[in-house]
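Engineer: Sharing a structure here in structure tokens format.
4 protein chains.
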Amino acid sequence: MPKRDNVFDILFENQEMTEKQKKILEAAVEIFSEKGYSATSTNEIAKKAGVAEGTIFRHYKTKKDLLLSIIAPTMAKFIAPFFIRDFNKVLLSEYQSFEDFLRAVIINRMEFAKKNFPMIKILFQEIPFHPELKEQFKEHIINHVIKRLKLIVEEYQKKGEIIDMPPQTVIRLTVSSILGFVIGRYLMFPEAKWDDEAEIERTIQFILHGLSTYNKE
Amino acid sequence: MPKRDNVFDILFENQEMTEKQKKILEAAVEIFSEKGYSATSTNEIAKKAGVAEGTIFRHYKTKKDLLLSIIAPTMAKFIAPFFIRDFNKVLLSEYQSFEDFLRAVIINRMEFAKKNFPMIKILFQEIPFHPELKEQFKEHIINHVIKRLKLIVEEYQKKGEIIDMPPQTVIRLTVSSILGFVIGRYLMFPEAKWDDEAEIERTIQFILHGLSTYNKE
Amino acid sequence: MPKRDNVFDILFENQEMTEKQKKILEAAVEIFSEKGYSATSTNEIAKKAGVAEGTIFRHYKTKKDLLLSIIAPTMAKFIAPFFIRDFNKVLLSEYQSFEDFLRAVIINRMEFAKKNFPMIKILFQEIPFHPELKEQFKEHIINHVIKRLKLIVEEYQKKGEIIDMPPQTVIRLTVSSILGFVIGRYLMFPEAKWDDEAEIERTIQFILHGLSTYNKE
Amino acid sequence: MPKRDNVFDILFENQEMTEKQKKILEAAVEIFSEKGYSATSTNEIAKKAGVAEGTIFRHYKTKKDLLLSIIAPTMAKFIAPFFIRDFNKVLLSEYQSFEDFLRAVIINRMEFAKKNFPMIKILFQEIPFHPELKEQFKEHIINHVIKRLKLIVEEYQKKGEIIDMPPQTVIRLTVSSILGFVIGRYLMFPEAKWDDEAEIERTIQFILHGLSTYNKE
DNA sequence: GATGAATGAGGATTCATTCAT
DNA sequence: TATGAATGAATCCTCATTCAT
Numbered sequence: 006m007p008k009r010d011n012v013f014d015i016l017f018e019n020q021e022m023t024e025k026q027k028k029i030l031e032a033a034v035e036i037f038s039e040k041g042y043s044a045t046s047t048n049e050i051a052k053k054a055g056v057a058e059g060t061i062f063r064h065y066k067t068k069k070d071l072l073l074s075i076i077a078p079t080m081a082k083f084i085a086p087f088f089i090r091d092f093n094k095v096l097l098s099e100y101q102s103f104e105d106f107l108r109a110v111i112i113n114r115m116e117f118a119k120k121n122f123p124m125i126k127i128l129f130q131e132i133p134f135h136p137e138l139k140e141q142f143k144e145h146i147i148n149h150v151i152k153r154l155k156l157i158v159e160e161y162q163k164k165g166e167i168i169d170m171p172p173q174t175v176i177r178l179t180v181s182s183i184l185g186f187v188i189g190r191y192l193m194f195p196e197a198k199w200d201d202e203a204e205i206e207r208t209i210q211f212i213l214h215g216l217s218t219y220n221k222e
Numbered sequence: 006m007p008k009r010d011n012v013f014d015i016l017f018e019n020q021e022m023t024e025k026q027k028k029i030l031e032a033a034v035e036i037f038s039e040k041g042y043s044a045t046s047t048n049e050i051a052k053k054a055g056v057a058e059g060t061i062f063r064h065y066k067t068k069k070d071l072l073l074s075i076i077a078p079t080m081a082k083f084i085a086p087f088f089i090r091d092f093n094k095v096l097l098s099e100y101q102s103f104e105d106f107l108r109a110v111i112i113n114r115m116e117f118a119k120k121n122f123p124m125i126k127i128l129f130q131e132i133p134f135h136p137e138l139k140e141q142f143k144e145h146i147i148n149h150v151i152k153r154l155k156l157i158v159e160e161y162q163k164k165g166e167i168i169d170m171p172p173q174t175v176i177r178l179t180v181s182s183i184l185g186f187v188i189g190r191y192l193m194f195p196e197a198k199w200d201d202e203a204e205i206e207r208t209i210q211f212i213l214h215g216l217s218t219y220n221k222e
Numbered sequence: 006m007p008k009r010d011n012v013f014d015i016l017f018e019n020q021e022m023t024e025k026q027k028k029i030l031e032a033a034v035e036i037f038s039e040k041g042y043s044a045t046s047t048n049e050i051a052k053k054a055g056v057a058e059g060t061i062f063r064h065y066k067t068k069k070d071l072l073l074s075i076i077a078p079t080m081a082k083f084i085a086p087f088f089i090r091d092f093n094k095v096l097l098s099e100y101q102s103f104e105d106f107l108r109a110v111i112i113n114r115m116e117f118a119k120k121n122f123p124m125i126k127i128l129f130q131e132i133p134f135h136p137e138l139k140e141q142f143k144e145h146i147i148n149h150v151i152k153r154l155k156l157i158v159e160e161y162q163k164k165g166e167i168i169d170m171p172p173q174t175v176i177r178l179t180v181s182s183i184l185g186f187v188i189g190r191y192l193m194f195p196e197a198k199w200d201d202e203a204e205i206e207r208t209i210q211f212i213l214h215g216l217s218t219y220n221k222e
Numbered sequence: 006m007p008k009r010d011n012v013f014d015i016l017f018e019n020q021e022m023t024e025k026q027k028k029i030l031e032a033a034v035e036i037f038s039e040k041g042y043s044a045t046s047t048n049e050i051a052k053k054a055g056v057a058e059g060t061i062f063r064h065y066k067t068k069k070d071l072l073l074s075i076i077a078p079t080m081a082k083f084i085a086p087f088f089i090r091d092f093n094k095v096l097l098s099e100y101q102s103f104e105d106f107l108r109a110v111i112i113n114r115m116e117f118a119k120k121n122f123p124m125i126k127i128l129f130q131e132i133p134f135h136p137e138l139k140e141q142f143k144e145h146i147i148n149h150v151i152k153r154l155k156l157i158v159e160e161y162q163k164k165g166e167i168i169d170m171p172p173q174t175v176i177r178l179t180v181s182s183i184l185g186f187v188i189g190r191y192l193m194f195p196e197a198k199w200d201d202e203a204e205i206e207r208t209i210q211f212i213l214h215g216l217s218t219y220n221k222e
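Chains as they are written, first to last, in my numbering: chain X, 6 to 222; chain P, 6 to 222; chain W, 6 to 222; chain A, 6 to 222.
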């Protein structure tokens, strides 16, 4: 019983879609994320969407097209615009400390990730198998994200809040720690009992201390 | 041009295999890791292995069987026995500090991971799609690994080297940081220039400071 | 050169069928009856039907399904309804004597059998190899046919036309004699010259005398 | 747990066979009779026989060869020699009446049929699918059996014990009645309770009266 | 004689895609 | 726009048969 229509509407905004097309996308997202693109048949999607198989191909030339039409906006909306926003906020000193920034990012993005979980799962599951996607992803990451993140990191390094270390490494360690939580929490052990708030706090503290300038002595 | 016969011999030791069977396994590992299990055809494997397609099915009842015969030993040899070894070493105080332990583990496992990279890639790529594998993996992880790691962590917590924090969280943060490096280094940006030694050292320092008891003030 | 469309239309009435589907059924009946279900390949059927192999599986999930979709209606239309009809006629004394009944049955059923010969051949050839079919057949036979035939036999036994003998035995002997003719005539020696009328008459007389009450003395 | 070694020894006498070869034959007979020739794989036979698949082909050039090596002697020993024996007995007036002859035949052949049931089942199941077998069978039947049976029938017709009717028809009716019993008894309803003796007697009486000259009035 | 690994042709079935309606 | 019948290439797998040991 997909409740995430709203999320869909955001992700696929400015795309006019028939009711059926939405159903197809929903079904595809659900099955792709569950069984993987390759192991999913268009027939299966059609059935789950309550649509004739031909209808899928009216809207998406090929099965791959359908995949891309899910991944592309996920990539675009998930990664790019967010950082632009935060980036400006940082430069404008809206986040007074690295800690503030970190906390804001985690809370904000986590919400998004939770809602769009299946889409993101597809994204990471399929990237290794589709070189074009990989390329696209790297470009996004490197050009839009890392570039900006570097500037942010350097900003906080200048302020003396972050240890002197190649910004890429700072980014890697920070992202690892956050993703490590997300993956453990939602992918690997979703049914375990988690004290989300405490875990997030611990993760933030871990990152902050791990990157603190006090380590220098 | 598979040069990793030695690794194969270790991973599939105590299994008598025809020359052809080895060829099949090698081919399967290579293609599975590249395109994913589902997108790989047995025909393709046969061709790459220089074998008739029927031969595959003489040795492995089904394609899935072939997958499992790759994953199972990878799981067994990669995860379980290693920790048992290290576990004892820790208890016997062979590693004087958490830092020593961390460094030993990283160096040792990294070597193995590098050699068996394709197998491990398959392992992580396929687990999300095969509930039995997931189950098996969790069991391995939880029963054999986390249980022991917890004891190790508690040992170093008692010694005052690690901050007082639920051991699972310590494990999560540590493992995230290490895997973050491995994934970035070997999966996402293998072609970038990496100063491995420095990056490993930074990762270790990050973990140590992130978990240090001096944070407490 | 299938001329039996009419028969098909009867046998598969109330089933909407594509032209192609009919072609598939015709081809299947012909080849199944000739070479047996197991020795028939779907490829062969497709070719004879002038259809792509995939088309077969659009209409019948499996090859077995195709077989059943031939056998089930044959069983239903061949066995069940006929006897119900005759059964009522007997009870309504439309057949004044056992001889009349016998003659009517033979002539009527013989016509049907001749037309649907391949279907019936398949029925009897495949039953021994498919336990579910066997079960289904027995149920049909026992519940619908023998039960009614028993009543008919008992009716004529009451009238003193048939010797006092377990009705099953009467049925067995009668059916054997008739089927013996059909099998010899159409299955074993179809190319021999047969004086059908005379042979049928002799068969009827044989049964009548074999079961006559005059034997009693 | 095949107990019919003796039967095998008779059927395949004057053929030198290794232990393995016997095992193969036994397994083949069992599976062929159960699933049909076409649906039986040599692999299956090999497994049941406890033999390597290659061994089958040491002894029988092809799978068909194996089938024939079962059917041929069954045909030869079941049909031919028996009638020769009985034939002579009839001519030598060893059977004083048609009834005696009938009874002797039924009892004698029934015994054989019961023991060699699977072989005979194979015979009748496979004949429709193998034209050469059909031909071979017809030849056996027509040349060796019917020809002689005709003479026997004519003998009893001369004696006035059998009604004046084409001998083929007499044979057909007689054989039908007997086979009708065998098929019902052993093939169709083997698990029903049968009073064998009574049923056989009824069958004999049915045939005798059906063919009696007293019918002539 | 017996084995069982190896074969490749052929088996049933699935698949993404097309197209007439 | 939507359908669903039709396709035929491709898929996984089975088979009878061969052959080196």
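C-beta: ideal position from N, C-alpha, C; glycine also.
State the DSSP-derived secondary structure class of Met-170 of chain P, mapped to helix, strand or coil.
Structural biologist: Three-state DSSP puts Met-170 of chain P in coil, outside helix and strand.
Engineer: Measure the CB-CB distance between Glu-23 of chain P and Ile-36 of chain P and report whether it falls below 7 Å.
Structural biologist: In the sequence under discussion, the amino acid at residue 23 of chain P is Thr, which differs from the Glu named in the question. Result no, Cβ atoms of Thr-23 of chain P and Ile-36 of chain P do not sit closer than 7 Å.
Engineer: Give, in chain order, every residue of the region 121-148 of chain A whose Cβ lies closer than 7 Å to some Cβ of chain W.
Structural biologist: Per Cβ criterion, the list reads Gln-130, Pro-133, Phe-134.
Engineer: Mind checking if Ser-74 of chain P is an interface residue toward chain X, Cβ cutoff 7 Å exclusive?
Structural biologist: By this cut-off, Ser-74 of chain P is not an interface position.
Engineer: Between P:Pro-171, P:Lys-163, P:Asn-113, P:Lys-40, which lies nearest to Glu-136 of chain X when the distance is taken from Cα to Cα?
Structural biologist: Note that residue 136 of chain X corresponds to Pro in the displayed sequence, not to Glu. The shortest Cα separation from Pro-136 of chain X among P:Pro-171, P:Lys-163, P:Asn-113, P:Lys-40 belongs to P:Lys-40.
Engineer: List the residues of chain X that Leu-216 of chain P touches, going by C-beta distances under 9 Å, in chain order.
Structural biologist: Simply Phe-211, His-214, Gly-215.
Engineer: Taking 7 Å as the CB-CB limit, is Leu-71 of chain A close to chain W?
Structural biologist: Cβ-Cβ to chain W under 7 Å: no for Leu-71 of chain A.
Engineer: Do Leu-72 of chain X and Tyr-42 of chain X have their C-beta atoms closer together than 7 Å?
Structural biologist: Cβ atoms of Leu-72 of chain X and Tyr-42 of chain X: closer than 7 Å.
Engineer: Quick check on Gln-130 of chain A: does DSSP put it in helix, strand or coil?
Structural biologist: Here Gln-130 of chain A sits in helix by DSSP.
Engineer: Closest Cβ-Cβ distance between Ser-98 of chain A and chain W: below 7 Å?
Structural biologist: No, its Cβ sits nowhere closer than 7 Å to a Cβ of chain W.
Engineer: Arg-63 of chain A CB to nearest chain W CB: under 7 Å?
Structural biologist: Taking Cβ atoms only, chain W never reaches closer than 7 Å to Arg-63 of chain A, which makes this a no.
Engineer: Taking the alpha helix (DSSP H) that Ala-32 of chain X belongs to, which residues open and close that run?
Structural biologist: Segment 24-40, the alpha helix (DSSP H) holding Ala-32 of chain X.
Engineer: Tell whether a beta-carbon distance below 7 Å holds between Ser-38 of chain W and Pro-133 of chain W.
Structural biologist: Result no, Cβ atoms of Ser-38 of chain W and Pro-133 of chain W do not sit closer than 7 Å.
Engineer: Flag this pair as yes or no: are the beta carbons of Lys-25 of chain P and Thr-47 of chain P separated by less than 7 Å?
Structural biologist: For Lys-25 of chain P and Thr-47 of chain P, no; Cβs fall outside 7 Å.
Engineer: Along chain A, which residues have their Cβ under 8 Å away from the Cβ of Leu-178 of chain W?
Structural biologist: Going along chain A in sequence order, the residues near Leu-178 of chain W (Cβ under 8 Å) are Ser-182, Gly-185, Arg-207, Thr-208, Phe-211.
Engineer: Check Asp-105 of chain W in the structure and name its three-state DSSP category.
Structural biologist: In this structure, Asp-105 of chain W counts as helix in the three-state DSSP scheme.
Engineer: So the candidates are P:Val-158, P:His-149, P:Lys-164, P:Leu-184; which of them puts its Cα closest to the Cα of Gln-173 of chain P?
Structural biologist: Nearest of P:Val-158, P:His-149, P:Lys-164, P:Leu-184 to Gln-173 of chain P, Cα basis: P:Val-158.
Engineer: Could you give the distance in angstroms between the alpha-carbon of Val-175 of chain W and the alpha-carbon of Ile-168 of chain W?
Structural biologist: Distance between the alpha carbons of Val-175 of chain W and Ile-168 of chain W is about 9 Å.
Engineer: I need the DSSP call for Tyr-219 of chain W, collapsed to helix, strand or coil.
Structural biologist: Reduced to three states, the DSSP call for Tyr-219 of chain W is helix.
Engineer: What is the DSSP secondary structure of Asp-70 of chain W, reduced to helix, strand or coil?
Structural biologist: Three-state result, Asp-70 of chain W: helix.
Engineer: Give the straight-line distance between the Cα atoms of Leu-178 of chain X and Val-110 of chain X, rounded to the nearest whole angstrom.
Structural biologist: C-alpha separation (whole angstroms): 15 Å.
Engineer: With a CB to CB cut of under 7 Å and the five nearest residues on each side skipped, what residues in its chain are close to Ala-57 of chain X?
Structural biologist: Answer for Ala-57 of chain X: Ala-51, listed in chain order.
Engineer: Are any of the Cβ atoms in chain X nearer than 7 Å to that of Gly-165 of chain P?
Structural biologist: False, the Cβ-Cβ gap to chain X never drops below 7 Å.
Engineer: Any idea what DSSP makes of Leu-181 of chain W, helix, strand or coil?
Structural biologist: Before going on, a small fix: residue 181 of chain W reads as Ser here, not Leu. It is helical.
Engineer: Please check if any C-beta of chain X sits within less than 7 Å of the C-beta of Gly-59 of chain P.
Structural biologist: Gly-59 of chain P does not count as touching chain X.
Engineer: Roughly how many whole angstroms lie between the Cα atoms of Lys-27 of chain A and Thr-67 of chain A?
Structural biologist: Taking the straight line joining both Cα atoms gives about 17 Å.
Engineer: Out of curiosity, what's the CA-to-CA distance linking Val-34 of chain W and Ile-127 of chain W?
Structural biologist: Each residue's Cα considered, the two are about 8 Å apart.
Engineer: Where do the ends of the alpha helix (DSSP H) carrying Glu-58 of chain A lie?
Structural biologist: Looking at the DSSP string, the run of the alpha helix (DSSP H) that includes Glu-58 of chain A is 58-64.
Engineer: Note down, in chain order, every chain W residue with its Cβ under 8 Å from the Cβ of Met-80 of chain A.
Structural biologist: Chain W residues near Met-80 of chain A: none, gap ~15 Å exceeds 8 Å.
Engineer: Quick one: what's got a C-beta closer than 7 Å to Gln-130 of chain A's C-beta in the same chain, skipping five residues either side?
Structural biologist: Cβ neighbours of Gln-130 of chain A beyond the five flanking positions: Gly-41.
Engineer: So is Glu-196 of chain A buried or exposed if we call it buried at 16+ other beta carbons inside 10 Å?
Structural biologist: Exposed, since its Cβ has fewer than 16 Cβ neighbours within 10 Å.
Engineer: Output needed in chain order: residues of the region 36-57 of chain W with a Cβ under 7 Å from some Cβ in chain A.
Structural biologist: For the region 36-57 of chain W, which is checked against every Cβ of chain A, the residues closer than 7 Å are Lys-40, Gly-41, Ser-43, Ala-44.
Engineer: Report the CB separation of Thr-208 of chain W from Ser-182 of chain W in whole angstroms; it is logged as a contact under 8 Å.
Structural biologist: Going by Cβ atoms, the distance from Thr-208 of chain W to Ser-182 of chain W rounds to 6 Å, so yes, they are a contact pair.
Engineer: Between the alpha carbons of Lys-139 of chain X and Lys-120 of chain P, how many angstroms are there, rounded?
Structural biologist: One C-alpha to the other measures close to 23 Å.
Engineer: When you compare only the Cα positions, how much space is there between Gly-215 of chain W and Phe-211 of chain A?
Structural biologist: Near 4 Å, if we compare the C-alpha coordinates of Phe-211 of chain A and Gly-215 of chain W.
Engineer: Hey, how far is the Cα of Phe-117 of chain A from the Cα of Arg-190 of chain W?
Structural biologist: Computed Cα separation, rounded: 27 Å.
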